[in-house]
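In our numbering, the protein residues as written are 15 to 261. Don't be surprised by glycine CBs; every beta carbon is placed ideally from N, CA and C. Data first, discussion second: the structure below is written as structure tokens.
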Ligand code: SF4
Ligand code: SF4
Ligand code: SF4
């Protein structure tokens, strides 16, 4: 039996997730030896419509994207959404807060009707997604773990506990003590608390854990004289499409 064929596709995003895969260096060579990469938007010019596994970066923001994603869904057996844009819609969802037409008008003025633009949606609005590699950018080692798990027939280990756990393990000073806000109590870990490690608040680019302890987040805000309202813009940065309610 030949190696599983993998396609890596880019939709609306900055290309940073694909760059993370290219930055794997030694592990990329291991990956390439274990699978046959037949399509890689950012890295190879050849492309093929013969693949079993599709890794998808970016959100769906145009009619053309819809046609492409549906075609991929008709070919691939396994779909992996890679990065916040693909998983939750990511930063692109900020467009939805304005409304598609209003956003097009703000950017393109009287040329707005020339633009192919629709409401931003994550990949799972169109296809059943089998695995999610969250984050902006995602943790590249998690992408490898997902592919490796697929090859070995096991479930990848994706954390379902809050960023605060990693942050405390890393011995950071809580950014609330520095006068900032942070979504760590409800955000999904797996990034090794990347932002608090650099004295920045978490913006939940990896989304919200299942059954978040919203009260822990509210208590932390209250301790610092704040309310949920004070973190909504931080929350919406990556999660406006998913519309999880943290009120
Ligand atoms: S998730 Fe982040 S890194 Fe990936 S394409 Fe979107 S904006 Fe870029
Ligand atoms: S709230 Fe943020 S900075 Fe504070 S412990 Fe949790 S993750 Fe760390
Ligand atoms: S700390 Fe939060 S915003 Fe920063 S990378 Fe991790 S999940 Fe994303």
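Give the single residue among 103, 62, 181 whose Cα lies nearest to the Cα of residue 140. Minimum Cα distance to residue 140 is reached at 103.
Between residue 219 and the rest of its own chain, which residues show a CB-CB distance below 7 Å, the 5 nearest in sequence each way excluded? 98, 149, 150, 252
Span of the beta strand (DSSP E), counted from its first residue to its last, around residue 52: 50-54
Within 8 Å, strictly: CB atoms of residue 142 and residue 93: Contact flag set, yes.
Can you list every residue whose CB sits closer than 5 Å to some heavy atom of ligand 2, going in chain order? 177, 178, 181, 188, 189, 196, 198, 210
Residue(s) in a DSSP beta bridge with residue 22: 54, 69
From this set, 105, 130, 23, which residue's C-alpha is nearest residue 61's C-alpha? 23
Assuming residue 176 contacts residue 198 under a Cβ cut-off of 8 Å, what Cβ separation, rounded to an integer in Å, is found between them? 6 Å
Environment of residue 231 [buried if 16+ CB atoms lie within 10 Å]: buried
Given a cut-off of 8 Å, decide if residue 254 and residue 37 are closer than it, judged by their beta-carbon atoms. no
What does the alpha-carbon distance come out to for the pair residue 51 and residue 57? 10 Å
Below 6 Å CB to CB, which residues in the same chain sit around residue 206 once its five sequence neighbours on both sides are set aside? For residue 206, where only same-chain residues beyond five positions count, the Cβ hits under 6 Å are 180.
Taking the alpha carbon of residue 200 as the reference point, which residue from 245, 129, 117 has its own alpha carbon closest? Taking only the C-alpha atoms, the option nearest residue 200 is 245.
What span of residues does the alpha helix (DSSP H) with residue 101 cover, start to end? 98-101
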